[in-house]
Structure formats: C-alpha cells, structure tokens
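Here the sequence shown is numbered in our numbering, starting from 405 and rising by one per residue. Every residue gets a Cβ at the ideal spot worked out from N, C-alpha and C, and that includes glycine.
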Amino acid sequence: MTVRVSRTFEFDAPPEDVWAFISDAEQRAGAISVVDTFEVHGDGRATWHVALPIPMIRSTISVETEEVEREPPTRVKFVGKSRAFRVTGEHTITETDGGCRLANEFVVDGRLPGVESFFERNFDEELDNLENALRASFGTTA
C-alpha cells in the first residue's frame, strides 16, 4: 500500500524566503518530528535517522535521502530510501499577489508492516510541523 498526501500552504512572505527554507536539507529534516538526528553530506544528500513508534521497529532507521530534482528558486524533489520505507517529497513554490504558495506532495511506500498506517495517521501533524517551522523561519505564525 502506498500513502500519498498533498497540502498547499499560503504565505505572505517572498518566495525567496520560502525557497531558502525548503531547499535546505537540514531545515526540511529538522521540521519532521520522527527525524531523531540527521547528517547533511552535501551534493543534495543527507541521512535521516528516523524513530517510528511501531512494533516492528525497535531502533532508529537510517534513511538515505537525495535530491533528485532541483529547480531554483521554485522546486525541489527528494527521495529517501531505507529498509522500512521509501519516501518521495516534492515542494513547488508559486508566486502570488503579496506572497507565495508552497505545494507539498509526499508519497511513502512501506516495506514493513505498520509503516503505511503510521504515516497515514501522522502525515497531517508532520505537515503542520513543516508549515510551523517555515513560518517561524521568517517570523510569522499560522
């Protein structure tokens, strides 16, 4: 089973401010609550150590992430691979009158029982975390 979620955020901030956050692998990882620790390796690669509270997983999972598409200053797409799941995330910025819109899409393919159901239950909260971190990065609240 595949879990797919999309959500769009509207900001009264310049697109450059949103790009500065969303194109930074460290800031993206830091906004996600299940990312326990992470290392940024450069060249669009990072390792996320993810702690999923599901019975099949007793320790953190290393997720090797890599940017697969980057179109500054409007779009970045990454893929993360681990023994438990594969995740694809895509962020697209569109300028609007007085600000911008950020479209987010995530797809998770679980490889272990419980992974998809965890993400299905928690994706909304994780997207709230991402939006809140973005707003905090340029000094506004939702």
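- Inter-residue distance for Val439 and Pro457 is about 12 Å (C-alpha atoms, whole angstroms).
- Boundaries for Phe542: no alpha helix (DSSP H) harbours it, and the DSSP string shows neither H nor E there.
- Annotation: the region 452–493 contains no complete segment of the alpha helix (DSSP H) (minimum length 4 residues).
- Straight-line measurement puts the Cα of His495 at about 16 Å from the Cα of Pro418.
- Here Ile436 carries a coil assignment [DSSP, helix/strand/coil].
- For the pair Phe542 and Asp447, the CB atoms are not nearer than the 7 Å cut-off.
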